[in-house]
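K.L.:
This structure is in structure tokens; I'll ask about it shortly.
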Amino acid sequence: MNEKKTITISVTSLFLVIAILVIIGMGYFMYNMYQEKQIAFEEVNQLNSELSTVKNTIDNLQNTLTSTSENTTTENLPSNNSDSTTQTTTPKNPSNTTQNIEQECRTILEKFLPIYGSGSPEAVLVNANLLTYEDLNNAEQISNNYIKTSLGYSDFKNALLEYITTDYFEEYYGTIDYKSGQKAFINSNGSLAILNAGASGMSFDIQTMKLISNKNNVITYEITYIDPDLEATSPEIFHLTATFKSSNNGIYRISNLDFNN
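Take the working numbering: the last position of the sequence shown gets the number 601, and nothing is skipped along the way.
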């Protein structure tokens with residue numbers, strides 16, 4: 341009987357020890373979890389503090405940039421006390437000196453004059469590098485006087501607007517041709533159709549450019565040129581007045597050509 345009681349006490353003691361060890365283990369595990377949670381909270385708080393510091397730095401930099409921009413804009417405004425008779429418009433592009441503008445205008449003029457001097461609508465398209473004569477030979481005949489090209493009318497217009505203003509395009513290429521009494525270029529359902537006619541063309545070799553006026557983004561030059569195609573021992577000097585107009589982006593385009601030979 342005593343032996344059975346001793347065994348029962350021993351088993352109970354064993355379970356008690358095991359229970360104590362489990363409780364100790366769980367307590368240790370929960371303590372570690374608590375410590376890790378505290379560390380995580382501290383790291384989050386530190387990150388929030390660093391983010392707040394970065395945000396304040398960005399706000400300070402934005403305020404500084406805004407203030408600098410406003411000061412710069414104020415300094416660049418023209419003075420109200422300036423004499424209106426002597427005040428000139430400052431180009432938006434600082435690199436647009438008189439020499440640079442003249443070179444820009446000369447380059448545009450040299451590219452456009454071969455197109456302008458073309459003797460026929462076909463030659464205009466070829467000299468503008470828009471179509472070839474082979475393309476034009478395959479064009480559709482839509483009437484006795486017109487052929488329909490594979491080129492869109494808007495593409496034709498936009499190509500010439502690289503050299504001339506919209507007003508000059510409408511004046512020179514959108515009106516009736518004084519020689520034929522018909523329009524040389526028409527919009528045929530979105531495609532470009534051209535008058536099947538031609539005449540002798542002109543060639544240009546610019547000799548000199550002299551600035552006549554520069555006011556309100558409009559520049560006028562007096563041009564002298566020769567026609568290399570004219571057979572002469574002493575080539576005749578011709579005169580041309582070329583006017584260029586600049587839009588707000590500072591890019592110049594031809595707005596008028598006046599041949600005062």
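The beta carbon of each residue, even a glycine, is placed where N, CA and C say it ideally should be.
Once the 5 residues before and after residue 527 are set aside, which same chain residues still bring their CB inside 8 angstroms of it?
P.N.:
Contacts found: 493, 533.
K.L.:
Using DSSP bridges, identify the partner residues of residue 534.
P.N.:
BP columns for residue 534 point to 487, 525.
K.L.:
Kindly indicate the opening and closing residues of the alpha helix (DSSP H) around residue 602.
P.N.:
Nothing about residue 602 can be reported from this structure: the residues present for the chain run from 341 to 601 only.
K.L.:
Quick one: Cα of residue 529 to Cα of residue 484, how far?
P.N.:
Near 18 angstroms, if we compare the C-alpha coordinates of residue 484 and residue 529.
K.L.:
Count the other CB atoms within 10 Å of the CB of residue 524; is the residue buried (16 or more) or exposed (fewer)?
P.N.:
Per the 10 Å Cβ criterion, buried.
K.L.:
Which one or two residues does DSSP pair with residue 553 in a beta bridge?
P.N.:
Residue 553 pairs with 560.
K.L.:
Using alpha carbons as the reference points, say which of 364, 586, 587, 568 lies closest to residue 578.
P.N.:
Among 364, 586, 587, 568, the Cα nearest to that of residue 578 is on 568.
K.L.:
Since residue 463 and residue 541 are thought to touch, with beta carbons under 8 angstroms apart, how far apart are those beta carbons, to the nearest angstrom?
P.N.:
Yes, residue 463 and residue 541 are in contact; Cβ-Cβ is about 6 angstroms, under 8 angstroms.
K.L.:
Kindly identify the DSSP beta-bridge partner or partners of residue 593.
P.N.:
Paired residues: 585.
K.L.:
So for residue 431, helix, strand or coil by DSSP?
P.N.:
Any reading at residue 431 must be qualified, since the residue scores a pLDDT of 43, below 50, and its modelled position is unreliable; the value itself is stated next. Correct three-state label for residue 431: coil.
K.L.:
Between the C-alpha atoms of residue 501 and residue 575, what's the straight-line distance to the nearest angstrom?
P.N.:
In a straight line, the C-alpha of residue 501 is about 32 angstroms away from that of residue 575.
K.L.:
In whole angstroms, what separates the C-alpha of residue 378 from that of residue 371?
P.N.:
Between residue 378 and residue 371, the C-alpha separation is close to 11 angstroms.
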